[in-house]
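In the UniProt record's numbering, the protein residues as written are 1 to 339.
Below: one structure, written as structure tokens.
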Ligand code: ADP
Ligand code: MG
């Protein structure tokens, strides 16, 4: 008997894709806030219930969607952000795969309300398990609101493997921090079970760091800055005496995207030379800018890994930038550089 090969129905294909993109409530938070940022929002609200297990709502004041785009946005590989392979090398948006909404809608109940700029009547869609349950007009004056409920309702194994509310909330906070640090020019509100965790006004980077991590950060920070043809570096590192035994706040961004990189972490640490106590880790908030043709962000769907064409040179530049900044601070520790 011969095997029969068939294409999977959309709802199953979406559910499989969802397994890659959506691991836990924090993945939903990341994807939806990124969409809100990509939509040009200046104020974004995040409200979660029970660590996102019961609901995750994101409200933005971005450009919104038409009735048809609202429907299309839930199709797999539906994106307004790239239209050719070449665009992959000049991304100015966070999203580009067109997978997030399709994935989320495959494994949760989603209510979306959205309106295009200048309109008074928007559209409201309910979708669950990849199936549109209803779509009708609604009155709305700006932006988009998406509410994701009962995550993994049809994937019991995933649902059962979710960790405690405490742990899941920590993951959400981490995603939130990464985006809030990338976009100090956007205001954010974040609440959990009705109580406000953050209310971040539009700010400069130093103030955003302090608003997120506490006022005592204000006198810990040393600014760094360097500009070469290969990379521009800016941001803040902490004074050596504030390094800690735990890893602390260590953030790298490149072209407005958070990424993780042990190699560059090593560059920072070695820039401190012998100023760090044994086994102590510095906090840092380092923003790189490289020509987009020298960066590959299409490494993995969760996208915290990126590839640099010239990682070695960037390593040396980060190292010397850190060293120089600490040298200046040692000569004139009381000078407070503004960013
Ligand atoms: P991607 O972000 O990779 O394009 P998504 O599945 O996250 O894929 O979103 C699909 C499309 O839906 C986006 O390209 C965008 O056009 C639209 N979209 C999603 N969220 C919003 C939003 N909050 N405001 C406006 N448009 C949105
Ligand atoms: Mg997206």
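For each residue, glycine too, the CB sits at the ideal point set by N, CA and C.
Practice task
State whether the stretch 172-192 contacts the stretch 248-258, with contact taken as three or more CB pairs (one from each stretch) at a distance under 8 Å.
Solution key: Result yes; three or more Cβ-Cβ pairs closer than 8 Å.
Is residue 31 near the ligand MG, going by C-beta to nearest heavy atom under 6 Å? Translated into the one-based positions of the chain shown, residue 31 becomes position 31. Checking every heavy atom of the ligand MG against the Cβ of residue 31, one is found closer than 6 Å.
* Asked: Should residue 39 and residue 123 be called a contact, given that it needs their Cβ atoms to be closer than 7 Å?
  -> Working through the chain shown from its first residue, we reach residue 39 at position 39. Working through the chain shown from its first residue, we reach residue 123 at position 123. Result no, Cβ atoms of residue 39 and residue 123 do not sit closer than 7 Å.
**OP:** Take residue 262 as the anchor and find which of 221, 318, 154 has the nearest alpha-carbon.
**Re:** Here residue 262 corresponds to residue number 262 of the chain shown, with the count starting at 1. Of the listed residues, the one whose Cα sits closest to residue 262 is 318.
Margin query: Is residue 143 a contact residue of the ligand MG, with contact defined as CB to any heavy atom under 6 Å?
Written below: Here residue 143 is taken as the residue at index 143 of the chain shown, counted from 1. The answer is no for residue 143.
Inset, instruction - Might you give, ordered along the chain, the residues of its own chain that have their beta carbon closer than 6 Å to the beta carbon of residue 337, omitting 5 neighbours on each side? - result: Indexing the chain shown from 1 puts residue 337 at position 337. Unreliable placement is indicated for residue 337, whose pLDDT of 47 sits below 50; the coordinate value is still reported in the next sentence. Excluding positions up to five away in sequence, the list reads 223.
Candidates 244, 185, 44: which alpha carbon is nearest residue 276's?
-> Position 276 of the chain shown, counted from the start, is the residue given in the question as residue 276. Nearest option by C-alpha distance: 244.
Item to check | C-beta contact flag for residue 60 and residue 143 at 7 Å | outcome: Residue mapping note: residue 60 aligns to position 60 of the chain shown, counting from 1. Residue mapping note: residue 143 aligns to position 143 of the chain shown, counting from 1. Taking 7 Å as the Cβ cut-off, residue 60 and residue 143 qualify as a contacting pair.
Return the first residue and the last residue of the beta strand (DSSP E) that residue 239 is part of. Position 239 of the chain shown, counting from 1, holds the residue named residue 239. Bounds of any beta strand (DSSP E) do not take in residue 239, whose DSSP letter is neither H nor E.
- The beta strand (DSSP E) spanning residue 223 covers which residue range? For the purposes of this step, residue 223 is identified with residue 223 of the chain shown, where counting begins at 1. 221-227 is the span of the beta strand (DSSP E), which, as asked, contains residue 223.
task = From the DSSP output, in three-state form, read off residue 28 for me.
result = Locating residue 28 in the chain shown gives position 28, where the first residue counts as 1. If DSSP states are grouped into helix, strand and coil, residue 28 belongs with the helices.
Using a Cβ-based criterion (distance less than 6 Å to any ligand heavy atom), does residue 68 qualify as near the ligand ADP? Counting from one through the chain shown, the residue named residue 68 turns up at place 68. Outside the cutoff, so no.
Checklist entry - Roughly how many angstroms separate the alpha carbons of residue 56 and residue 193, rounded to a whole number? => result Taking the first residue of the chain shown as 1, we reach residue 56 at position 56. Taking the first residue of the chain shown as 1, we reach residue 193 at position 193. When rounded, the distance between both Cα atoms is 10 Å.
- Message: Can you give me the C-alpha to C-alpha distance between residue 221 and residue 186, rounded to a whole angstrom?
- Response: Here residue 221 corresponds to residue number 221 of the chain shown, with the count starting at 1. Here residue 186 corresponds to residue number 186 of the chain shown, with the count starting at 1. For residue 221 and residue 186, the distance between alpha carbons rounds to 22 Å.
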